[in-house]
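K.L.:
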Amino acid sequence: MTASRRKFMVAVGVGTLAAQIKSNALAQALNRTGLKDYYAKDFKIGTAIGSDILENNDEALAALVAREFNAITPENCMKWERIRTADEGWNFKDADKFVDYGLKHKMYSVGHTLAWHSQIPDSVFKNAKGDFISADQLKKKMTNHISTLVGRYKGKLTAWDAVNEAIDDGPGNPMRKSHYFNIMGEAFIDHTFHVAHETDPKAHLMYNDYNNEQGGKHEACVELLKRMQKRRVPIGGVGIQGHWSIDGPTPEEIEKSILNFAKLGLRVDVTELDIDVLPQVWNLPTAEISTRFDYTPARDPYKNGLPKEIEEKLAKRWEAIFKMFIKNREHIDRVTTWGVSDDVSWLNDFPIKGRTDYPLLFDRKRAPRDAYFRLIDLKK
Ligand code: XIL
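Now the structure itself:
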């Protein structure tokens, strides 16, 4: 047991009564101290806020977030399909709640996302006859969407994942042939950044993607960012989503990419970190959310718990990655995990529905896992 785990167990009341009484003051201090405090000099520590807090009013989870994290991203509630109604009106309820929570706790709050091919109905891109609208029409629609959304939360959000996942995973990593791209070309990206910047000039605007720290997709991302800079698009940073597995990518590969982005004068945020321990069932690692595979028991090996040796391997993996983040902290503003605890992670249902995954720093009982204590030990 690590020293930090022992201290934590005493503080939260696992132990003898005498030990509990003695450590009352320590408990109170520790109750307010979380990962964010250990990393205060390095970067913000963030999490995604999903329906448990926004819709189900899970107060215990909200309190855990306030103790451990100082940055938040809405998991779904600002995406087009959630924040717009079928007739293209607005539904700000959950987004307002998210923003208020961030203000209350003085957090680095991120908007997610302004232009993304997923979680947006096809009808946005089509007219009443079912034909695709023109570039001009789409541009107007985007202006309205972005200026309304960014404008409503102006000065309340620190940053925006402005454009999400515009690069394709196929050979050569061309631009993704999304409706946005098919109608407007790369101009859809520029337009998103320009409107967001004009609406809230102080917001830090990012291009966000998965696997943009690896191989050909990294190179394609660097090229895209260079083209955007040449066109004077007001971009401040790049988001590396960080949907990684227990086996890869290596910290060295990630580090190289962070340095490449930094060389472009861009800040780096790790925006959606989770570490998947389940068997990878596809050849190409992807976080493209429409990817789906069938459930088989062999693909869900840890249904009844994670074996000790895998928990240890996982802890070592988190530790190695954070060691590298700390080394490169001058370039990194924030490291955000995609959710708080294993029970609420999207990976239980992606890319196969109904599996049992262990991708976050808190387990199904909302207790910190070994990896959490390793990350604290790195700061001692
Ligand atoms: C995921 C959410 O976590 C799920 O709840 C939802 O069903 C699908 O989207 N990349 C992103 C995130 O940028 O918005 C995605 O979030 C995960 C992949």
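Start counting at 1 in the sequence shown, then tack on 94, and there's your number in this note's numbering. Glycine included, C-beta positions come from ideal geometry on N, C-alpha and C.
For my contact list, residue 457 and residue 435 are in at a C-beta cut-off of 8 Å; report their separation, rounded to the angstrom.
P.N.:
6 Å
K.L.:
Per DSSP, what kind of secondary structure is residue 293 in: helix, strand or coil?
P.N.:
Under the three-state reduction of DSSP, residue 293 is assigned to helix.
K.L.:
If distances are taken between C-alpha atoms only, which option among 398, 473 and 389 comes closest to residue 416?
P.N.:
473
K.L.:
When DSSP labels each residue in this structure, what does residue 312 get in the three-state scheme?
P.N.:
helix
K.L.:
When you compare only the Cα positions, how much space is there between residue 213 and residue 359?
P.N.:
31 Å
K.L.:
So, are the CB atoms of residue 261 and residue 311 less than 7 Å apart?
P.N.:
yes
K.L.:
For residue 206, name the three-state secondary structure that DSSP assigns.
P.N.:
Judged by DSSP in its simplified three-state form, residue 206 adopts strand.
K.L.:
How many Å lie between residue 172 and residue 294 at the Cα?
P.N.:
Straight-line Cα distance between these residues: approximately 17 Å.
K.L.:
Buried or exposed: residue 149, going by 16 or more other Cβ atoms within 10 Å of its Cβ?
P.N.:
Around the beta-carbon of residue 149, fewer than 16 other beta-carbon atoms lie within 10 Å, marking it exposed.
K.L.:
Kindly give me the distance between the Cβ atoms of residue 251 and residue 205, rounded to whole angstroms, as I take these residues to be in contact under 8 Å.
P.N.:
Under the criterion of beta carbons closer than 8 Å, residue 251 and residue 205 qualify as touching, at roughly 5 Å.
K.L.:
Kindly list the residues whose CB is nearer than 6 Å to the CB of residue 355, restricted to its own chain and excluding five residues on each side of it in sequence; keep chain order.
P.N.:
332 and 362
K.L.:
Looking at the secondary structure, which residues open and close the alpha helix (DSSP H) in which residue 299 lies?
P.N.:
Here residue 299 belongs to no alpha helix (DSSP H); instead the beta strand (DSSP E) covers 298–303.
K.L.:
Could you pull out every unbroken beta strand (DSSP E) segment of at least 3 residues lying fully inside the segment 375–442, listed in chain order?
P.N.:
426–431
K.L.:
On the three-pair Cβ rule with 8 Å, is the segment 296–313 touching the segment 326–342?
P.N.:
yes
K.L.:
Excluding sequence positions up to five away, which residues of its chain have a Cβ less than 6 Å from the Cβ of residue 147?
P.N.:
155 and 156
K.L.:
Based on the DSSP secondary-structure assignment, which residues constitute the bridge partners of residue 367?
P.N.:
Under DSSP, residue 367 takes part in a beta bridge, and its partners are 431.
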